[in-house]
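This report concerns only the one structure given below.
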Ligand SMILES: NC(=O)c1ccc[n+]([C@@H]2O[C@H](COP(=O)([O-])OP(=O)(O)OC[C@H]3O[C@@H](n4cnc5c(N)ncnc54)[C@H](OP(=O)(O)O)[C@@H]3O)[C@@H](O)[C@H]2O)c1
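In my numbering, the protein residues as written are 3 to 278.
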């Protein structure tokens, strides 16, 4: 089975490629230099030369705050890029997996978002990722949309590493009024492997159960045996350029449980820290 991965040098791509390689897939790792998804001709050429059975589309404009002032680039990468990949996937009859985000939702619900809930993004990143979802659905029939959230992995800047790097501060204030589902990259990857055996469509692939950023930080320090003076605070105490949904907890139908409790996944991540 041949797999092509876009954005292979990103946080998710760097964990995903070796995992599927070990599972026997032949992988073409591409990133900006070898496959600029904004360049339609290049995308067509690289993908049709390789003829993958599956394309995992990890490439994206992911800087949520920067996107607010850089709308054109965010749109180019997240919308036009997704469209270019979806069109060629359809042409060569490949399956496409588009990684999306909890930020497609506005956060006004008070029970977990389900895959059929209507997106209503409140920032540029979320809007462009949602438009990317629509392009994928429009151009490609054999698609999976895997929405994930609060992602952390060994190969990228992320919340877990940021918290641990701040452990010596006298006092660490962390936002306690945004709730979501922390997700280890490997948990997302195991989930992608599972959905590849399921019907095409939209899936929520994030850590099970939820936490606020403050509760997430508490658990990181508890599991790491670190004593840190954590203080809960409000979103308003840390003004950011982009608005974030206050509640972006996601799940699938009652019958479909793709992932483990986020605390269990965190424990595996912390055990492997240092081996990487
Ligand atoms: N991180 C999260 O918390 C989170 C949460 C929910 C969903 N997601 C989604 O998960 C996916 C993977 O995220 P990640 O955290 O691994 O992101 P990441 O580390 O920022 O990786 C994205 C990759 O895409 C590449 N890229 C950007 N523009 C490109 C272009 N025009 N052509 C080809 N490649 C391009 C980037 O290359 P350069 O570095 O050279 O620009 C980077 O290697 C994304 O779709 C993201 O939207 C992430």
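Heads up, the beta-carbon is just placed ideally off N, CA and C, and yes, glycines get one too.
Short of 6 angstroms in beta carbon distance, which residues of its chain neighbour residue i, apart from the five on each side in sequence? Order them along the chain.
i	result
residue 258	none
residue 27	3 and 5
residue 109	247, 248, 249 and 250
residue 15	7, 9 and 60
residue 223	230
residue 53	94
Pick from the options: whose alpha carbon is nearest that of residue i?
i	options	result
residue 22	114, 140 and 58	58
residue 230	131, 241, 216 and 239	216
residue 50	226, 96 and 71	96
residue 147	194, 55 and 181	194
residue 237	178, 33 and 76	178
residue 63	85, 17, 56 and 131	131
residue 181	234, 145 and 39	234
residue 144	164, 197, 176 and 133	197
residue 151	261, 273 and 164	261
residue 41	82, 18, 239 and 53	82
residue 135	31, 173, 214 and 77	77
residue 80	39, 99, 53 and 29	39
So what does residue i bridge to, in DSSP terms?
i	result
residue 145	98
residue 234	176
residue 2	Outside the shown range of the chain, which is 3 to 278, sits residue 2, and nothing can be said about it.
residue 153	185
residue 213	182
residue 130	According to DSSP, residue 130 bridges with nothing at all.
residue 203	146
residue 252	115
If we define contact as Cβ-Cβ less than 8 angstroms, is residue i a contact residue for chain C?
i	result
residue 208	Reference to chain C is not applicable here, since this structure consists of a single protein chain.
In chain order, what residues of the same chain lie with their CB nearer than 7 angstroms to the CB of residue i, ignoring the 5 residues before and after it?
i	result
residue 267	186, 189 and 209
Among residues of its own chain, excluding the 5 on either side of residue i, which ones have a beta-carbon nearer than 8 angstroms to its beta-carbon?
i	result
residue 220	232
Report yes or no: do three or more beta-carbon pairs, one from the segment 82–96 and one from the segment 43–54, lie closer than 8 angstroms?
Below 8 angstroms, enough C-beta pairs join the segment 82–96 and the segment 43–54 to call them touching: three or more.
For the pair the segment 205–225 and the segment 178–190, tell me if three or more CB-CB distances fall below 8 angstroms.
Contact between the segment 205–225 and the segment 178–190 is present, because at least three Cβ pairs lie under 8 angstroms.
With contact counted as at least three CB pairs below 8 angstroms, one residue from each stretch, are the segment 154–172 and the segment 103–115 in contact?
no
For the segment 52–68 against the segment 119–135, are there 3 or more C-beta pairs whose distance is under 8 angstroms?
yes
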